[in-house]
Every structure is written in structure tokens, then in C-alpha cells.
Amino acid sequence: MSDRFEGRREDLRLITGRGRYTADWSLPGQAHAAFLRSPHAHAEIAAIDVAAARSMPGVLLVLAGDDLAAAGYKPAPPGMAPPGRDGKPLKNPPRPTLARDRVRFVGELVAMVVAETEGQAQDAVERIEVDFRPLPALVGVKAAAAPGAPELHAEVAPGNVALEYEYGDEAAAAAAFAGAAKVARVEVEAQRIAGNPMEPKAGLAAYDPASGMYDVYVPSQGVSGHPRALAHITGEPPEKFRVHSRDVGGGFGVRGEVAPEYACLVLAARRLGRPVKWVGSRSETIVSDNHGRGSVMTGEMALDADGRFLAVRVEWLCDMGAYCSAVGPFINTNAAPKSTAVNVYRIPTVYGLSRLFFTNATPTTAYRGATRPQVSYLMERLVDEAARVTGLDPDEIRRRNFLAPDAFPYKTPTGSTYDSADPPGLLAAALEAADWAGFAARRAEAATRGKLRGIGLAVFIETSGAVGKEEIAVRFDGDGRINLFTNSGSSGMSHETTFPELVAAILGVGKDRIQLRWNDLESPPLQGFGSFGSRSMVSHGVALHQGAHAVIRQGMAHAADALEAAVADIEFADGTYRVAGTDRTIRFDALAQKLAGGGRHPLDLELAVDTANAWPSGAHVSEVEIDRDTGEIAILRYVAVDDCGKIYNHKVVEGQIVGGMMQGLGQVMGEQCYYDPETGQLLTASFMDYQMPRVDWLPQVSLYDRSLPSPNNPLGAKGVGEAGTTGSVPCVANAVMNALAPLGIRHLDTPFTPLKVWDAMQAAGKAGAER
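Okay, here's the thing in C-alpha cells:
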């Protein structure tokens, strides 16, 4: 295959097998690890006998919880959350790297074996004998909230509540509801979902006794925090950890923190004096990767006689799993639930309460959207219900209550400030593209074929960017070629293509002369964070934009010398320095090459910038048909009109939106981490049982760009990574419920599997016959 390739820059490397995922790294003399995981959701560990495992062929090391405690290992870093009611802090029971006295979810690490080969390590794991004493399992957040529920942590007792967090004005909301002409109410569940990146969890650790340095290879959405986390667990200084993360086969939020397996590999590498590698199976990934979602949400809306929104009250019951992940508590409190509580509507009064509970399940964390889809799902289902109770059409009730474009920037009742949006324009464009007005005829035609046809819409706004400073470095090679260093590693977002294109356009040089280098050991130390929350362009892109302009300014004096002019007379445009009012010029790339020589290049720099929030928005419409005989749902049309701010690469943006849609459809149509309600066993721990999204679920997609540049950053960017998910979950859910409404079905929890839909139709038919 020729190296001439017209796709994304990274595509040729990845599709020809030249990617460098974690499993692709190997070091001389490496040994292999395998882990024993708890088969119980909740049990005491009375004893662990590893003698037989240690005697197995090829076994080099066996570690259990007591070994890590003896080595001074501490629990994982605590989760983050704002203070709760009455200023009470988040309760953060310690999560051991290897369980010692008790296990609290199926898949929790109990022991580790290192052997010469992977097979030998796996065989030895099976010889470890553990005396488990089973305890009652607490499955699901409603069970955890029930009176008399078993208590999982002594540090949390009484009860299983990690935090109760409230926002808004409870008294004002109560007064608005007391005077309301109509009240709408819904309860929806965002079920647990496995992130399931293409690349299973894996790690490789090596230790150099001469320098005391550790090299750790992991799949990560941002390695800048990993040394601190490893230092917290191991007691080693953070500067002793070099973390490598080249290609990452999907992030989705679940690759954002240090997994306990990585800390075990670090200790094993030091004990053995040789590298230790582990590559997890798909079942290990489903069982032990932090899950997403896991919340039951109730919403109430007060309306006046004209169908205008007066107030909203929401309550979230959030399943933290057995322990708090690093960001699980934050995303369920001060993040999207509070920041976008009013969505795109003018709602004077809001009151929200998030209650976080521990259960006997895998911890939960950010998953694509990081609660943005839940907020949108709850609000847009609630708005559809408000349309029902008022007798208004779903599009009309939205138009009556939208924030107008001239209301932006808009400060919400919960303290956020939306930068810019045009909700009425988004909706109008989506309805026209979807032929909303012609739906009645299509529904009637479907009925002649025995099908139930439904249409649904969702309008949303979400936050992106921010999270502190971001720093980049620019380095020029000897021939003037440019290396960009960032903390922003890609897990499918096309950074290798987009960021060099962005900088090339500013400097006026060929994009082939610019290379992006992320998480690179040759990089100077950089402040900043990783790639999550639709922040890559808003944060890293803005930093590179500012850096490119700083390089131009830095070159002014050198251009003046080359052109024998005063610095004040030098102008720059279209890649060229010019003496104002003359034809004396020098191209930027020529100047960079001219200045190349020994030592640091005069145009090299590091730059840190503060990053600001931006607010993408959109309006999505979907149309579905349901087979009455099977409960099978077919999505026939999907229209998405999105405001992603200024777009720099349409192909990349379209890929992000469609990818997000598919993950949203997974939540609506089939994905679920299902635990047995009695035993706490995860019954969907392989692709034989866990329903992944199918490409034929979304046969026709129409994407439209209706963007307003963000005024909060010089690129005008808003972010796009979460938009497809945030829009598709409520949009398709509303379409399915619209299809089922003629049967009298008003509520159904996702996922809408064929069996669940069929059962609901049968129950509705029976109830209708009895009436």
C-alpha cells in the first residue's frame, strides 16, 4: 500500500497494523501476570492459601492483600465531590488494591500471580484457595436506599449513603408547584453500562533499580495524573513514574484513572527485577472496568395554564458501586445534573437532590457524556410528559419555553452561564429536515402493515472544556520541522490530523511539516489534563492556537533581522513576514529553517493557558417502527442538527457525532450490566450475553451543522464528543414511547429489548381487553 493516503493522518498507521496499543508493547525478559477475582458479590475472606500456586511450574511471585499492606501500599485516591447537605463531606471508604478482609463486588481483585508465561500464570491462579464466607448482596440503588438494607462499609454506617447533594431553591420550587395549573412527573432509569473499549484493559511495568524509575505502559485518556495516583498508592515519589500511552483503543471515560491492576504490576516489577505484563480478557474488562450510568431519576415539572414551565424538581438515586471511583461522585452532583438542570428552557426555579449509594457492584465512573445524557434523558422525557398533560404538541411546548438566542449568555438558576445557543433555530431546522409535518401520514401507512410507528425529538445543551490550565510545547527540528507536545492523547478523536492542521493554518506552513507528539518522554514537563468531556479542541486546541500565535510573535525580531528592518515595521499574514508597505518578505518556514542550528531553536516555547467552558447544543429527531409480533424496534430515520461551535474538520466531527449516537443507541436498545438481584452475580460478563450496538440499528443518518462560535475561546470551538450520545438517548426513547402510546403504554425502562417491548404490548393488550 502506498504511503499516499487521503484519510486521517493516523488511519494508514492504524489500519495497516502499525498502531502501538498497550498489548503491543513488550520488553526483554518480561514475565506475565494473571489475577484472581472475587466470585462473590459480598463475602468475608476468612483465609487465603497460595502455597499450591507458588509451587506451580514457572511461577515467580504470588501477591495477596497482606503482601501489599506489608509493602506500604495505600488504598486508591479518594473520589471527588463537593460538600453535601449541611456541609457534610463525601464518605469515601478505602478501596484496597487487593482485597484483604472482605470482597464487595464480583470481579474485585483478590490475588495476583506472576509466571514465565501467561498460561502458567492463569493455571496457578486456579490453584489459589480462598475461604470465602458469603454475606447478603445489595443489588441496585433502590435496594441500597431501602430501610434495613445491609450495610457495606463500617465507615459509612448507618445506611449506605455516600453523599446527599442538593442545589437550587427548595422552598421556591415548593411554592411554584403549589400554584401550578398542571404538574408532569416521570421516573426513568439510566441502567449500568460497560464502557467496553475496543482495547481491553492491559498494563506493563518495568523497574530500573539504578535510577529507581518505573516505566508503566497503560491505555489512558490522560497520563498526567497517573504518576500522582501511583505515588499515592505505592508511597513512591510521583517523579519516579514514567507513564507511556501511545494508541488507545477507545476511552469513553473508563480509561481516565489508574486501575488497581497497574499498581500490582508496579510492585511485581520491583520485586522481580524484570518487566511484568498483563492483558485482560474481554470478560475481565466487562466485570472490572468501572461501569457507566447507574442512576434512577425522578423529575417533576410545574406548569401554568398556558403550558409554560414554572419550576422543576429532580431527584437522582446514584449507584456508586462498592467504592467511589475518582470522578463518579463529582459527575453525579456538581457536574451535568446541576450545570444543565434547566436544559435549553426558561425555568425560573429549580431544586435538585442527588443521593449517592454504595452497592455490591463494580464502581461507576464517567461514561461517554458523563451524566449529560442522563440529564437530557430525564428532562426531555419530562417535557414530552408535560406535553401530554397539557394537550400541547411536543414541538409546540418546547417552542413556548425555549431560551431565545438573545438571552445568551444566560445565567441559569443553578449558577451556570451558557455562552451561546439558538434552540428555536436548531429545532426548526431539525423538524424541517425530518419532515415532522408529514409524520401522521407515515404513521397511518405503517398501521396498514401492522406496525407501530413513532417519532421523537430531543433538544439539549451540555458543557465542555474547562478543568484548569493546559500547557503545550513547540519544538523545531534541525530542518525547521515542527513538533507539538501536549498531554492530549487520542482514543479515536483524530488529534494527529486535526491539531497539526490547526497549527499549520495559523503558521502558513504545510501540515506535513508538523507532527503531534502526545504523552512523549522527550516532552518538557507539561501541566494539564487528558482528553475527556469534549475538551480536546476547547482546551488543547486553544492552547496550541495560542502557542502558534506566540511563535509568530517570537519570530518577529528574527524576521526583522533577516529583512534588515525595525521590529515595529514587520507584519505577518498567510505564512509570511513582510516589511510593511514593501515587497520584502520571508516565509515563516524559511525563517524557521534559517534559525535552525545548534542548541535550542529560537522559536521553541512552552505556553500554559486557562481553559474556559463552552456549551454545545443540538436538536435531534428520530423515527421508529415496532413489530407487534416480536417487539423488534427499527430506527428508520435519524436527523441531528448540532451546534458544535466553529468546526475545523467536518469529517472528524461527523465521525464523533455518529459514534456517540451509536453508544446512545446501545443504552436505549440493549446494553445493560445485569446483576442477579439475589446473588449479585454479573450475568452479562461476555459478548455472549452483553448486547453491543449493531451498525444496522442506524441505517440512515442526516447530519446538519448549525453552529454559533463560542465567545469563550479564540477558536470559537464548543466540543462534539458527547453530543451524539446526549441527543440520541432521549430522542430515540421518546420515539419508542410515542410509538407505544396508542396502546396506553406510558412508561418503559431502557433498554428497550424486543422481549421487554413485547411483554409491555401483551400486558397492555390484556389490560385493554379486561377494560
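Numbered as in this note's numbering, the sequence shown ends at 781 without a single skipped number. Note that beta-carbon positions come from the ideal geometry of N, C-alpha and C, so glycine has one too. Values in this document were obtained by computation on a predicted structure and should not be read as measured data.
So, Leu494 versus Phe509, is the Cβ gap smaller than 9 Å?
A contact, by the Cβ cut-off of 9 Å.
Counting along the chain, where does the alpha helix (DSSP H) carrying Val552 start and finish?
Run containing Val552: 552-573, per the alpha helix (DSSP H) assignment.
Check whether the Cβ atoms of His236 and Val268 lie closer than 9 Å to each other.
It is a contact, given that the beta carbons lie within the stated cut-off.
Per DSSP, which one or two residues make a beta bridge with Ala43?
According to DSSP, which records beta bridges pairwise, Ala43 is partnered with Val124.
Would you give the residue range spanned by the alpha helix (DSSP H) that Pro612 belongs to?
No alpha helix (DSSP H) holds Pro612; DSSP gives it neither H nor E.
Give the range of the beta strand (DSSP E) segment to which Trp326 is assigned.
Here the beta strand (DSSP E) through Trp326 covers 319-329.
Give the secondary structure of Ile667 by DSSP, where H, G and I count as helix, E and B as strand, and everything else as coil.
In this structure, Ile667 counts as helix in the three-state DSSP scheme.
With distance defined between alpha-carbon atoms, name the residue in Glu472, Val484, Phe418, Leu765 nearest to Arg610.
Selected option, being the one with the closest Cα: Val484.
Who are the Cβ neighbours of Asp489 in its own chain at under 8 Å, not counting the five residues just before and after it?
The answer, listed in chain order, is Gln603, Ala606.
Only counting the same chain, and skipping five residues up and downstream in sequence, which positions put a Cβ closer than 6 Å to that of Gly261?
Contacts found: Gln231, Ser501.
Roughly how many angstroms separate the alpha carbons of Arg452 and Thr424, rounded to a whole number?
Cα to Cα, the separation comes out at about 41 Å.
Give the DSSP-derived three-state secondary structure of Asp225 in the structure shown.
The answer is strand: DSSP assigns Asp225 an E or B state.
Could you check the C-alpha separation between Met566 and Leu517 for me, to the nearest Å?
Those two C-alpha atoms are separated by around 13 Å.
Would you identify the three-state DSSP class for Met672, choosing helix, strand or coil?
DSSP places Met672 in helix when its eight states are reduced to three.
List, from N- to C-terminal side, the beta strand (DSSP E) runs of 3 residues or more that fit wholly inside the stretch 295-376.
Complete beta strand (DSSP E) runs here, min 3: 305-313, 319-329, 359-367.
So which of Ala164, Pro168, Gly150 has the shortest CA-CA distance to Gly158?
With distances taken between Cα atoms, Gly158 lies closest to Pro168.
If you draw a straight line from the alpha carbon of Met66 to that of His50, how long is it in whole angstroms?
Taking the straight line from one Cα to the other gives about 25 Å.
Is Ala745 closer than 9 Å to Ile645 when the C-beta atoms are compared?
A contact, by the Cβ cut-off of 9 Å.
Of all the alpha helix (DSSP H) runs that stay within the bounds of the stretch 35-111, which reach a length of 4 or more residues?
61-64, 75-80, all fully within the stretch 35-111.
So what does DSSP say about Leu240, is it helix, strand or coil?
The answer is helix: DSSP assigns Leu240 an H, G or I state.
For Phe449, name the three-state secondary structure that DSSP assigns.
If DSSP states are grouped into helix, strand and coil, Phe449 belongs with the helices.
On the DSSP bridge list, what partners appear for His254?
Looking at the DSSP assignment, His254 forms a beta bridge with Tyr227.
Please return the same chain residues whose Cβ sits closer than 8 Å to the Cβ of Ile39, not counting the five positions on each side in sequence.
Sequence check: residue 39 is Gly here, not Ile. Arg284, Pro285, listed in sequence order.
Would you check if the stretch 713-733 and the stretch 591-602 touch, i.e. whether three or more CB-CB distances between them fall below 8 Å?
Short answer: they don't touch.
I want to know whether the stretch 130-138 touches the stretch 50-63 - three or more CB-CB distances under 8 Å.
Contact between the stretch 130-138 and the stretch 50-63 is present, because at least three Cβ pairs lie under 8 Å.
For Ala315, which of Arg382, Asn353, Ala81, Lys192 has the nearest alpha-carbon?
Looking at the Cα atoms, Lys192 is the closest of the given residues.
For Ala576, count the other beta carbons within 10 Å of its own beta carbon; 16 or more makes it buried, fewer makes it exposed. Which is it?
Label assigned to Ala576: exposed.
Measure the C-alpha to C-alpha separation of Gly290 and Phe45 and round it to an integer number of angstroms.
Rounded to the nearest angstrom, the two C-alpha atoms are 9 Å apart.
Excluding the five sequence neighbours on either side, which residues of its own chain have a C-beta within less than 6 Å of the C-beta of Val149, listed in chain order?
Excluding positions up to five away in sequence, the list reads Tyr685, Pro687, Gly690.
Cα separation between Arg14 and Gly669?
With a pLDDT of only 43 at Arg14, under the threshold of 50, the placement of this residue in the model should not be trusted, and no figure is reported.
Is Asp522 helix, strand or coil when you go by DSSP?
Three-state DSSP puts Asp522 in a helix.
For Ser546, which of helix, strand or coil comes out of DSSP?
In this structure, Ser546 counts as helix in the three-state DSSP scheme.
Looking only at its chain, what residues have a beta carbon closer than 7 Å to the beta carbon of Val69, apart from the 5 residues adjacent to it on each side?
Cβ within range, chain order: Ala63, Val123, Ala125, Gln130, Ala134.
Comparing the C-beta of Ile596 with each C-beta of chain B, is any distance below 9 Å?
You won't find chain B in this structure, because it holds only one protein chain.
Could you give the residue range of the beta strand (DSSP E) that holds Ile492?
First-last of the beta strand (DSSP E) with Ile492: 492-496.
Going by C-alpha to C-alpha distance, which of Leu320, Met503, Arg391 sits closest to Arg410?
Of the listed residues, the one whose Cα sits closest to Arg410 is Leu320.
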